[in-house]
Each structure stands twice: as C-alpha cells, then as structure tokens.
Amino acid sequence: MSALLFLLLTALAYAGFAALCLSMEKHQMDLHGTARAGAGRMRQWRWFGWGLLALALLVAGQAEDWARGPVIWLGAMTAAGLSLALGVLPYRPRWLAGVAGVLAGLVVLMAIHRWLA
Amino acid sequence: MNVPSSPFPRRLAGVIRHPRVGIASRSLAAILGGYALAATTSSFLALALPMDRAQAVLTGMLVAIVAGACAALWAFAVRSALRAWIGIALPALLMGAGTVWLGPAA
Amino acid sequence: MKQSFRQSMAWLHTWTGLLVGWLLLLIFMAGTASYYREEISRWMRPEVPATTTRGPLAAERALQYLQRHAARAESWTVTLPDDRTGTLRMFWRNPESATPVDDGKRRGRRGGRFGDATVNPDTGEAIAARETRGGDFFYRLHFDLHYIPVVWARYLVGFCAMFMLVAIITGVITHKKIFKDFFTFRPGKGQRSWLDFHNVSAVMALPYHAMITYTGIVTLMFMYLPWGVKAAYPADEDAFFSAAFAQFGEPREAAGTPARGTDIARLLDASSRHWRGGEPGGFTVHHPGDAHAVVDVFQRTGKRLSIDTPSLRFDGVTGALLDAGPAPGGATRTRGVMYGLHLARFADPLLRLLFFLSGLAGCLMVASGVILWAIKERPGHLKAGRIGFGLRLVDALNIGTVAGLPIAFATYFLGNRLLPLAIAERASAEANVFFAAWAVALLAAFAWPKRAMWAWQLYAAALLFLLLPVVNALTTSTHLGVSLAQRDWVMAGFDLAMFALGAGLACAGRRMQRWQPPASAAARRRQSANVVDTGPAGAGA
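Chains as they are written, first to last, in the numbering used here: chain Z, 416 to 532; chain U, 376 to 481; chain X, 772 to 1312.
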C-alpha cells in the first residue's frame, strides 16, 4: 500500500473514531464538563463518525481489491484506535480534534506532492 | 423395621456436589469432550457434506475447530456438569454413529 | 454453576487465560517477531551484502550452482530472491530416498536425503556468513518451541491456541460495556487502569486477535484433526492431499537418457505472460538433465491473500506447456486464505508494520491480563498477612516472562554479534543463549518477586536493547552510520527499532520504579483537610 493510502486511511479512521468518541456522553463529560454537547449534537457526531469509517472502508476497497482492502482497513482502524484510546484521550485530551486536523493536513500535503511529482 | 440410610451414598453425593468436582468435571467435558466433538464433527461432515470429497474434508476441519470452542463455552455456561456432558457427548456420539453408518464414500 | 452466564464466562476467561498465559506470551512474541523474519535474518548475517540480481539471471545462476553441486539429484527446487530475501534458496532430493515432505502441506513418509543451499544471486556462490538461524529461530519457536520433539510442541501450541480462542470469545461475552468503554483508558488508577488497558488492547485489535488465533489452528489442522481424512480416504491419504491442493500429480518417469534442458528464462517469461503479470516466485525441476525433465513454475505470493499460488508445468526439454494446473475448490481457497492471513506474506512494508503493531497489541493484552490477575488477588493476601503460593508463583512468572522474555530476545541478538564466529554448532549456541537469558530472568524473579525486580528486569531489557546498535557498530561494518548513508533500510530499521524498544522498556521500568500506591480515600480526605487548615492562616504564622 502506498504511504499516501496508509496516511489517508489512518486519518479517516482516526477522525471517525474521534467523532464517535465525541458522540458519547461519558467522553463529552470528561472533555467539556458542563459545556458538553446535547443529544442532538451527539447524534450528529455519531453519524459523522460511522460515515468516516465507512468511507475509509470504501477507499481501501477501491484502492486495493476487496480482499486486501478490508484487511488494510482493519489495520488502519487498529492503529488509529490504539493511538486515540491509549495516547491522545488519556494524556492529551485537548488534542483530540487537533490530531485529526494534523493528519488531514499531512494527507493533503502528500497528495499535492504526489500530484506535482 | 426402618433401615437407616448408609452413610456412604450420602458422602459420595456430598463429594460429587463439591464445587471443585463440578469444575473438574466440566473441564474434562470441555477438553476431552470438546476434542471428541471436534473429531466426530470433522469426520461426519467429511462424509455427509454434499460436495467434492476433498472439499468436504477441508470444510469439516474448518467447522470442527469452531465446534470444539463452542463445546468449551457450553461446558461452563450450563447449569450443571451433567448437562455439560450430555450437551457435548450426545452430538459427538450421534456424529460418530453417523460417520460409521455413512462409511467411506464410494 | 449457580451464577449468571456472564459470570461463568468471566470465570472461564480468567482460567483459560491464566493457565496458558505465559506460554502464550512466548508464542505471541515469537510470532510477532516473525513478521520481520527475513529482515532479522539479514541483520544477523551482516557479512552478506545487499544483492541486486533478480529474475531470470538469478534463476540461471541457481541452475549453474545446482549443476555443479547436485547434478545427480532427482529434483531441484529453487526459490527466487525478492526484495525481502536477497538470496537464492534451493533444495534438492537425492536419488535413493523416499517421497519428500514440505511444510506439512503434503504429508509424505519421512526420510529421504535432501541437500540445501543459500546462494548469492550476484555471484552464483554459496553464501559465506556466520552460522546462525537468524529470524527463522523465532518462526520455528512460534510453533515448534524448542528442546522438545516437534510433534509434542505442536500439540501443546495447538492446545494453547484453543484456550486462547475460548479466552477471546469469553472475553467478548464478559465485557459488559464493550461499546461504552471502547475508548476508555484511565491511567494512574491501579487495578482500574490495568483492566482498561487490557480491554482496550484487546478490543482495538479484536478482529486481528480472533483471526490470528483461528488461522493459527488452521495452519496445523491436518495434524490436529486427521479424522476427516481417515474417514473419507481410508485407503490412500495422499490422494486427499493431491485432490485438496490442486497439485500436479507425479511427473512422468525419467527416461534415463541425458538431454539438454531448455532455457529457464524462457519458461519464467512464458509463466509471467500466462499469469498476465504475476511474477514467478520459484520453480522445481524434476529429473534435471534427463530427456523427460519437467519444470513446475510457481507464482510469487505477491498481493494475493492465499498462501497457495498458481503453478504451471512445462516440458523441461522443449519448453512446451504441459499442464496449467487444476482450479482449486472453494474450501481449498478458503483454507488457503486462512493460512495466508496468518503468515501475512502478502503484506507490503506498511501493511506489515500494521500487522506487527497488532501483534504487539496482542502481547500487551496477554501481559496485562496475567498482571491484572495478580493485582486483583493481592489485597486478599495482604489482608491475610502473607502472600500465598499461587500469587507468589504468578508474580514470579509475570516478572520472569513479561520482562524476562524481552531480555531473552535482546540477548539472542547480542549473542549473534558476540559469540565467536568459529565455534561448533553456533546456531544452536545462539538459541541456547536465548533460553539461558530467559532462565536467569525467571530464576531471579522466583528469588525476589517484588516490584523492585520488575524495575530491575525492565531496565536490564532496556539496557540490552539500547546496547545492540552500539555492539553492532563495534563488531561489524553495517552499523547505523553506514546503513543510513547507504539507505539500507533493513539494517538501519533494525537498529532504530532496537533503540525504540529500549526506550520504551526504560520508560516502563521508570514507571515501575516510581510507582506510588494510590492513596486510600480516607488518606486523600485527610490530605485535602490539612491543606485547607494550614491555608492562609497557616501561611502567615
């Protein structure tokens, strides 16, 4: 798998998991306390999160074939999930959205680099 | 005349009802019985599945592994060690009999 | 049992995990290391330069070597070099022998005289390097263990794998809040943190853990469950294997008259065209030098998930295509994919890294599980005033395995660099060094199974890993300075990975050393009350 695909899948998986995290009351309490999102907003996060994960699967299946694709997708989800749950959330919770942004930015940069090369 | 009940059967019943005996019994059912179930599943499916002989053998093996794991779960999920044994031994015996009855495919 | 379904599954989860946990750690660590088996082998033979020759030229050099060293063999088998293994691997079957065995995929009668060689495709000469098993040691350790007969080891490993499969299933059943606690890890809270960590490392890689355990059993299932074969093929079990694996039958008999073999490059090219771009991974020549020679070319694994790859059979003299190979059946393909997923030969470097990461998660899952048991047990023992035998045993095994195995791994690599090159049975000596180091760690742990020993062993492991690139620099000319300059990512990557592992273990050792028992609720209340009392009034006094 190319580095770009790897980065893209990890970024999508991380963003999806981050969104699902924000859709959970427990984590909203921990992150924002009284300013936590309401039920409607959490539902939006849930749809967004699942959508991103599904998109990642679609990208993986299209980029590789539908045998390797799901394998790669699961690997990217594991990497993203472990980073989020064992790294970002317990030690740098404020960076939750920031990391997603950084990953997305890296993907864009790498895509531009690929396109120009 | 009243015949007092012998102490031995009551002691035996006490031993059998001891939790450690129950656990040991279930463990044997899970491990030995589970393997017997896997073995008979693989041989029965090898003969009974309506597909090419070699493919049936392979399929039987792949399914038998799962059957063995299920037997272990069953052994500890049911209410008594006796049920554990029956739930594992019965299908194993049936499939063993089925294997013998079907015999080697022509 | 008079408890709920979930409770009984929790009980089963604890015991299936605990009883085989330490052996599982060995199996898991060796297996995870095996993802980089070829790279480890390369690092452990630093004398062998990186090679560039591939494809038809490498094949020709292989045949030249075989003409010189195995001219009278009944068959030659050559595996061509690729980017992970830069060498030609070959083995041959000498005339007066029984049918060959290969990998348990095809059971044959044991015996028969084989020769084998590893050849540099650039020079055509056999590789002259220090005698070592390299990464193959970990690959074999993973399912053949060591020091015990291979058959016993495989049954034992299979038994542990079944226990692990049950542990995974019961773990999922018993994890009440698997969705709610999906992202939950709260550090610094003692038992709660360990449970969170165990749950997260298990759930985040759950597809992997379930897959690797089931497929692991599948790789050896012919040995564990031969009953279907016996029932369906009572007279001739070999017929099952030919039918199941869509293999070519025996090639025609040797003619007895010599004949010039056709150009191998032509056959490799014809194969590649037939497969529309699929690359040849190797070939077997039956009856080399004979008029009835036959060449089977098999495809490289490449990106396909299955371990089985297509092969083509050619006439060895005319080069004509004799047989394009039967199409495999559905169950054959399924089993092939299961086996392939376990070995992950199809993985490119980035995907391989993901597999490795998941394997590490598995090691952490098992380790945190056995540690968690000890943590849960301890309060009862402390209350009773003394640590009972069971807990002491578990504590010792935990330290000696969770921290002791990394010590053994690092020592194995150090042994490769430090053992004298000329000693007899050097490869076995390296393996013995691994187990000697593990034994020392276990003995030390049994002698003093306390927190301090945890820190000591973790620091020792860290030190040994950090020393590796240094020792590499002192004993070879393939150290980081050279490998980074030459962009030799295998050698450089290995050294860097050793630094990373050493750093990680040092951090773990530090946490162990500085750990404070979490204050009880009463102590915490007293502490905050004191602060309030000696507040502004106290400061001024």
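Yeah, the Cβ is synthetic: ideal placement off N, Cα and C, and Gly gets one too.
Since we're looking at a predicted model, the values are computed, not measured.
Minimum Cβ-Cβ distance from residue i to chain X less than 8 Å
i: Z/Gly496; result: yes
i: U/Met436; result: yes
i: U/Ile440; result: yes
i: U/Ala464; result: no
i: U/Arg395; result: no
i: Z/Pro508; result: no
i: Z/Ala434; result: no
i: Z/Gly484; result: no
i: U/Leu448; result: yes
i: Z/Ala491; result: yes
i: Z/Ala500; result: yes
Residues sharing a beta bridge with residue i, DSSP
i: X/Ala897; result: X/Val890
i: X/Val1056; result: X/Trp847, X/Val1066
i: Z/Asp480; result: Looking at the DSSP assignment, Z/Asp480 forms no beta bridge with any residue, so it has no partner.
i: X/Arg860; result: X/Thr850, X/Thr889
i: X/Arg1084; result: X/Asp1067, X/Asp1094
i: Z/Pro505; result: Answer is none; Z/Pro505 lacks a bridge partner.
i: X/Pro1029; result: X/Asp1061
i: X/Pro1051; result: X/Gln1070
Contact belief for residue i with residue j at Cβ below 8 Å, rounded distance in angstroms
i: Z/Gly484; j: Z/Ala494; result: Not quite, the Cβ-Cβ distance comes to about 16 Å (not below 8 Å), so this is no contact.
i: X/Pro1150; j: X/Leu1276; result: So it is not a contact: roughly 28 Å between Cβ atoms.
i: Z/Leu499; j: Z/Phe432; result: 5 Å
i: X/Met815; j: X/Thr903; result: 5 Å
i: Z/Leu419; j: Z/Arg529; result: 6 Å
i: X/Gly1073; j: X/Phe1016; result: No, X/Gly1073 and X/Phe1016 are not in contact; Cβ-Cβ is about 19 Å, not under 8 Å.
Proximity test, Cβ basis, 8 Å: residue i and chain U
i: X/Trp998; result: yes
i: X/Val937; result: yes
i: X/Asp874; result: Residue placement at X/Asp874 is poorly supported in this model, since its pLDDT is 49, which falls under 50; the coordinates still yield a value, given next. Closer than 8 Å: no.
i: X/Thr1105; result: yes
i: X/Val819; result: no
i: X/Arg878; result: Here X/Arg878 scores only 38 on pLDDT, less than 50, and its place in the model is too uncertain to base an answer on.
Chain-order list of residues whose beta-carbon lies under 8 Å from that of residue i (same chain, five-residue window excluded)
i: X/Trp1286; result: Arg1222
i: X/Asp874; result: Low confidence applies to X/Asp874: its pLDDT is 49, below 50, so where it sits in the model is not reliable enough to give any reading.
i: X/Thr803; result: Phe1127, Gly1130, Leu1131, Gly1133, Cys1134
i: U/Pro394; result: none
i: X/His1152; result: Ile1158, Gly1159, Leu1162
i: Z/Met525; result: Ala418, Leu419, Leu422
Closer than 7 Å at the beta carbon, the chain U residues around residue i
i: X/Ser1077; result: Correct list: empty, because the minimum Cβ distance to chain U is about 13 Å.
Same chain only: Cβ atoms within 7 Å of residue i, ignoring 5 sequence neighbours per side
i: X/Leu834; result: Ile1035
i: U/Met470; result: Thr415, Thr416, Phe419
i: Z/Phe463; result: Ala434
i: U/Ala464; result: Gly408
is_contact[residue i, chain Z] using C-beta, thresh 8 Å
i: X/Val971; result: yes
i: X/Phe1265; result: no
i: X/Phe862; result: no
i: X/Leu1039; result: no
i: X/Phe799; result: no
Chain-order list of residues whose beta-carbon lies under 6 Å from that of residue i (same chain, five-residue window excluded)
i: U/Ala459; result: Arg401, Ala404, Ala450, Val453
i: U/Ala421; result: Ala431, Val432, Gly435
i: U/Ile406; result: none
Chain U residues whose Cβ lies nearer than 8 Å to that of residue i
i: X/Phe1321; result: Nothing about residue 1321 of chain X can be read from this structure; chain X reaches only from 772 to 1312.
i: X/Trp782; result: Phe451
i: X/Ser779; result: Phe451, Ala452
i: X/Ala1015; result: Ala429, Gln430, Val432, Leu433
i: X/Ser914; result: Correcting the residue identity first, residue 914 of chain X is Phe in this sequence and not Ser. By Cβ distance, chain U contributes nothing, its closest Cβ being about 16 Å from X/Phe914, past 8 Å.
Per-residue contacts from residue i into chain X (C-beta, under 9 Å)
i: Z/Phe421; result: Leu1121, Leu1122, Leu1124, Leu1125
i: Z/His447; result: Within 9 Å Cβ-Cβ: nothing; Z/His447 doesn't reach chain X, min ~15 Å.
i: Z/Leu504; result: Phe954, Thr955, Phe956
Interface partners of residue i on chain U, CB under 9 Å
i: X/Gly1100; result: Met426, Asp427, Ala429, Gln430, Leu433
i: X/Val989; result: Met436, Leu437, Ile440
i: X/Ala1003; result: Ser418, Ala421, Leu422, Arg428, Ala429, Ala431, Val432, Gly435, Pro479, Ala480
Cross-chain neighbours of residue i in chain X, by beta carbon under 8 Å
i: Z/Ile487; result: Leu1122, Leu1125
i: U/Ala444; result: Met933, Leu936, Val937, Ile940
Below-8 Å beta-carbon distance, residue i vs any chain A residue
i: X/Lys960; result: In summary, chain A is missing from the structure at hand, where the protein chains are Z, U and X.
Per-residue contacts from residue i into chain X (C-beta, under 7 Å)
i: Z/His442; result: Phe954
i: U/Ala413; result: Leu996
i: Z/Ala418; result: Leu1121
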